[in-house]
Every structure is written in C-alpha cells, then in structure tokens.
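Working notes for the structure below.
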Amino acid sequence: MKGVRLWHFAQASLGIVQWVGIAILLNPIIIERTASGALLGQVMALIGGAGLLAPLIGGLADKYSCHQILQRLALLTHFIALLTLYFAQTSTTIYWIVGALIGVGSVALLVLNPTFVIASSKNLQEEGRGLASLYQCQFFGIVVTGLLVALADWMAVSSTNQLLILMGLVFVVLVMVTIAPPPAVEAGQQDAPSGEIQEHKPIATKKALPWFLFLLAVFFSMFLSSNLMELGPLLIKEVYHVEIGNSALGMAVSAVISIFMLESAGRWMQKVDHLWFGTLHKRSTWSLVRCSG
Numbered sequence: 011m012k013g014v015r016l017w018h019f020a021q022a023s024l025g026i027v028q029w030v031g032i033a034i035l036l037n038p039i040i041i042e043r044t045a046s047g048a049l050l051g052q053v054m055a056l057i058g059g060a061g062l063l064a065p066l067i068g069g070l071a072d073k074y075s076c077h078q079i080l081q082r083l084a085l086l087t088h089f090i091a092l093l094t095l096y097f098a099q100t101s102t103t104i105y106w107i108v109g110a111l112i113g114v115g116s117v118a119l120l121v122l123n124p125t126f127v128i129a130s131s132k133n134l135q136e137e138g139r140g141l142a143s144l145y146q147c148q149f150f151g152i153v154v155t156g157l158l159v160a161l162a163d164w165m166a167v168s169s170t171n172q173l174l175i176l177m178g179l180v181f182v183v184l185v186m187v188t189i190a191p192p193p194a195v196e197a198g199q200q201d202a203p204s205g206e207i208q209e210h211k212p213i214a215t216k217k218a219l220p221w222f223l224f225l226l227a228v229f230f231s232m233f234l235s236s237n238l239m240e241l242g243p244l245l246i247k248e249v250y251h252v253e254i255g256n257s258a259l260g261m262a263v264s265a266v267i268s269i270f271m272l273e274s275a276g277r278w279m280q281k282v283d284h285l286w287f288g289t290l291h292k293r294s295t296w297s298l299v300r301c302s303g
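All the letters of the sequence shown, read from the start, carry residue numbers 11 to 303 under my numbering.
Pasting the structure below:
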C-alpha cells in the first residue's frame, strides 16, 4: 500500500459500512428484529437508489467548493446510520432512514474521493497510483472490519453490539480525515470569460453521453451490490447454516487478495501506455464528479 495518504482512508468507510456493515450486520439485524423480507428489500432499494444522487452531490460540491466538507459529512452520515441502527427496534420508518443514510454517504464518498485523487495528480502515473491506493484502503477497511466482526461472532457478541465495532472504526476514519484532509479542489472554470464558455459548449455536449452512461453505471453498481452481493452472507446462513462470522472472515481474506491485486494493477498502469486509461477515466469519472458538462 505504497503512496497511501491519510485521507485515503475515507474510502475505508465504504468497506466498513457498504460491504461488511450491510452484508454481515444490517441484513441479519432487520430479519431478526422485524422478520420482514419486504422491509429488507425496501432498505436495499433505498441504498441502491441513492446512486441517482451522484450528480446532485457532485454539482453541489463544485458550485460551493465544499468537497472537503461534504466528504466529512458523508463519513458522519455513515456514523449516524450505524448509531440509528443500533437503537432501532421494529419501526419501518427508522430502517428506511438507515438505508437512505447509508446510501447517501456511500454515493458521496464514491463521487468525492476519486475527485481529490484526480485533482491532485500531475499526470496519469500519479492518478493511477492514487486510485489504486484509494481502493486498497477500501479493501483494508473490509479486512479489519471482517476480522473484528468474525472475532466478535466467535466470542458470542450480539449483532447489535457488533455495530459498536463499526461505529468505532468509522469514527477513527472521520478523525483521521479531519486531522489530515485531502487537498482542496479548484472551482474549475467558473470564472472563465464568456467567449471561452461559448467555446466549451460543444465539448460539454460531447461529454453528456459518457456522463450519463457513467451515472447509469454508478446507479446499477449501487443497486446490484446492495441487492445481490450484500445479501449473500444472509442467504448462505439461512440456506446452508453457515455462521455469519465465517462469512465475515471469508470476506476479509478475499479483501487481502484484492489489496495485492490492486498493488499490481497500480504498478502496471504506471508502466503501460496510459492513453486508454486516460480516455476512459477522464471521460467518465471526471465528468461525473465535476458535473460541469
């Protein structure tokens, strides 16, 4: 995990909450407390549907130059979601709120964190290395959370009290990002002359399609991950009677493998021709997170 900055660990909150939190704790807790598969589906739909807020979050960050503030708010949103879930009982509305908070926090981090990497990179080599480090931190969050949850499960700690582990980890991440925030993102071309703005209109039109397609990809990524992958451990427990702690351990092991794979991928991107990477990444991720086209 070379080249990791302290603020990169903001991405770890996705691993803690979006991956381990939903799959290992949220889903079983909803079933245990409410015995409602319909409610579980509604919560998953709220988490996935939050992907539609990506352009709004990106546009808001650009308009008011508040990327750093929104990043910390996203982490705080994850923490509040876990805290709300800890005290939730059987109220349907409370679980809807939890789903919405998790979804909004996750989408905001997916939009903002790559923005900081791209904005602070001088070339595609730095960009590739930065993005690899960013997502390594996400999987590092999965490793730590998965191991701690597995240990707690083997020690017969209740699912509700296991939420305290996740809250503690997210709080640590929030403190780290507050102490060492990411570099500020420039406002872009907001103050450009009118003639220059007119000149860039055709370019903005050309970016509209990639922007829309990437937005669609983010939506389906959020929706499918919340409704398929993150339901896996619960289904395995109910059908094959495999303990949730074992699923958490398996998730941690697979995340370790992913960290090493990302290290190799980051080095490879620095050595090969970056034309394809620059074209794809710049026309998708950048157009989404900047939301200026």
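Here a beta-carbon is modelled for each residue, glycine too, at the ideal position from N, C-alpha and C. If you're wondering where the values come from, they're calculated on a predicted model, not measured in any experiment.
- Contact between Ser23 and Val180 holds, since their C-beta atoms are separated by about 6 Å, short of 8 Å.
- Here DSSP, grouped into helix, strand and coil, assigns Pro65 to helix.
- With 16 or more neighbouring CB atoms inside 10 Å of its own CB, Pro124 falls in the buried class.
- Contact annotation: Ala162 and Gln172 have beta-carbon atoms nearer than 7 Å.
- Residues of the same chain with a CB within less than 6 Å of the CB of Val121, apart from the 5 flanking positions on each side, are Ala64, Ile67, Gly68 and Val299 in chain order.
- In the structure shown, Lys132 adopts coil according to DSSP, grouped into three states.
- Ranked by Cα distance from Phe89, the first of Ile104, Val108, Ile79 and Thr103 is Val108.
- Taking the Cα of Ile267 as reference, the smallest distance to any Cα among Trp106, Ala166, Val153 and Thr94 is reached at Val153.
- With contacts defined by Cβ atoms closer than 7 Å, Leu80 and Ala91 do not form a contacting pair.
- Just measuring C-alpha positions, the residue of Leu174, Leu144, Arg139 and Met186 sitting nearest Leu158 is Leu174.
- Per DSSP, the unbroken alpha helix (DSSP H) holding Glu42 starts and ends at Asn37 to Thr44.
- Membership of Val183 in the alpha helix (DSSP H) is indicated by the continuous run Ser169 to Ile189.
- Counted as a single uninterrupted DSSP element, the stretch harbouring Ile26 is not any alpha helix (DSSP H), since DSSP gives it neither H nor E.
- Contact check for Leu56 against Gly113 passes: the beta carbons are separated by less than 7 Å.
- From the listed residues Thr155, Met186 and Gly58, the smallest Cα separation to Leu16 is found for Met186.
- Annotation for Phe19: no alpha helix (DSSP H) segment contains it, and DSSP assigns it neither H nor E.
- For Ile90, the uninterrupted alpha helix (DSSP H) segment begins and ends at His77 to Phe97.
- Distance from the Cα of Ala60 is smallest, within the candidate group Leu95, Ala110 and Gln148, for Ala110.
- In the DSSP annotation of this structure, the continuous segment of the alpha helix (DSSP H) that includes Met54 starts and ends at Gly47 to Gly59.
- Closest option to Val14, judged by alpha-carbon separation, among Val182, Gln148 and Cys76: Gln148.
- Of Arg139, Val183 and Ser168, the smallest CA-CA separation from Leu35 is found for Ser168.
- Inclusion of Ala118 and Ala84 in the CB contact set at 7 Å is warranted, their separation being smaller than that value.
- If you compare the alpha carbons of Leu134, Trp164 and Ile128 with that of Val195, the shortest gap goes to Ile128.
- Take the alpha-carbon of Ser131 and the one of Thr170: they are about 41 Å apart.
- Excluding sequence positions up to five before and after Ala20, its CB lies within less than 7 Å of the CB of Gln81, Leu85, Leu119, Asn123, Val183 and Val187, all in the same chain and listed in chain order.
- Taking C-beta atoms as the reference points, Gly156 and Val30 count as a pair closer than 7 Å.
- Annotated three-state conformation of Val195 is coil, per DSSP.
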